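First residue of the sequence shown? That's 14 in this note's numbering, and the numbers climb one at a time after it. Each residue gets a CB set at the ideal place from its N, CA and C atoms; glycine is no exception. Here the structure is a predicted model, which is why all the values come from computation and not from measurement. Quick notes on the structure that follows.
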Amino acid sequence: MRIRPATPGDLPLLQDLERAAGAPFRDLGMGAIADDEPPGLGTLEGYRRAGRCWVAADDRDRPAGYLLAEPVDGALHIEQVSVHPRAARRGVGRELLAHAAGRARAEGLTALTLTTFTEVPWNAPYYARLGFRSLAGEELTPGLRRIRAAEAAHGLDRWPRVCMRAPV
Numbered sequence: 014m015r016i017r018p019a020t021p022g023d024l025p026l027l028q029d030l031e032r033a034a035g036a037p038f039r040d041l042g043m044g045a046i047a048d049d050e051p052p053g054l055g056t057l058e059g060y061r062r063a064g065r066c067w068v069a070a071d072d073r074d075r076p077a078g079y080l081l082a083e084p085v086d087g088a089l090h091i092e093q094v095s096v097h098p099r100a101a102r103r104g105v106g107r108e109l110l111a112h113a114a115g116r117a118r119a120e121g122l123t124a125l126t127l128t129t130f131t132e133v134p135w136n137a138p139y140y141a142r143l144g145f146r147s148l149a150g151e152e153l154t155p156g157l158r159r160i161r162a163a164e165a166a167h168g169l170d171r172w173p174r175v176c177m178r179a180p181v
């Protein structure tokens, strides 16, 4: 896999990838997550133009995974990282996160942050294996509190969630 910036032509493919990556949530009784629409093309384009949308490209240069990020309170916040099920368990997510960590360091940011489901094996347990730690409520920055409030308003708190942080 090669990590590269997303191109305009990648964006519809990222939506398809997101739908495929969401499907396994159905097996965990999280059908609403599986059915949630991916980010719109305008949203993806905003991340792309900001230089914060990266893809893991396969040997045919097609996206097998992607990551969206934005600076939040001195850290690079991972808004979304998704890997197509065909590319799962091959280190694609790990490589995308390593790329984001390198970008964060280059920009003088101190950490990566993300929010995730605590009881989904490829979510919080996976990130913990990669060096992320769960944040207690009093550790949440104002930006992370806003993100969590938006997630709650979107209905994501139907399942246990956590904010996590890893130094870069």
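For L153, the three-state secondary structure derived from DSSP is coil. Here C66 has A19, Y60, L81 as same chain residues with Cβ atoms under 6 Å from its own Cβ, once five neighbours each way along the sequence are excluded. H97 has its alpha-carbon roughly 24 Å from the corresponding atom of P173. The C-beta distance from C176 to L143 rounds to 15 Å, too long to meet the 8 Å contact threshold. From the listed residues G22, G156, A165, A166, the smallest Cα separation to D74 is found for G22. Residue burial is scored here from C-beta neighbours: R62 has fewer than 16 other C-beta atoms within 10 angstroms and is therefore classed as exposed. The three-state reading of DSSP puts G115 in helix, counting H, G and I together. When secondary structure is reduced to three states using DSSP, A137 falls in the helix class. For F38, the secondary structure class from DSSP, reduced to helix, strand or coil, is helix. No Cβ-Cβ contact shorter than 8 Å links L26 with P84. When T129, A88, D48 are compared, the shortest CA-CA separation from D29 is found for D48. Residue state for E108 is assigned as helix, using DSSP reduced to three classes. If you draw a straight line from the Cα of G87 to the Cα of T154, it is about 10 Å long.
In this structure, L109 keeps its C-beta atom at 8 Å or more from the C-beta atom of L125. Shortest Cα-Cα distance from L57 to any of G35, L24, G78, E31 involves L24.
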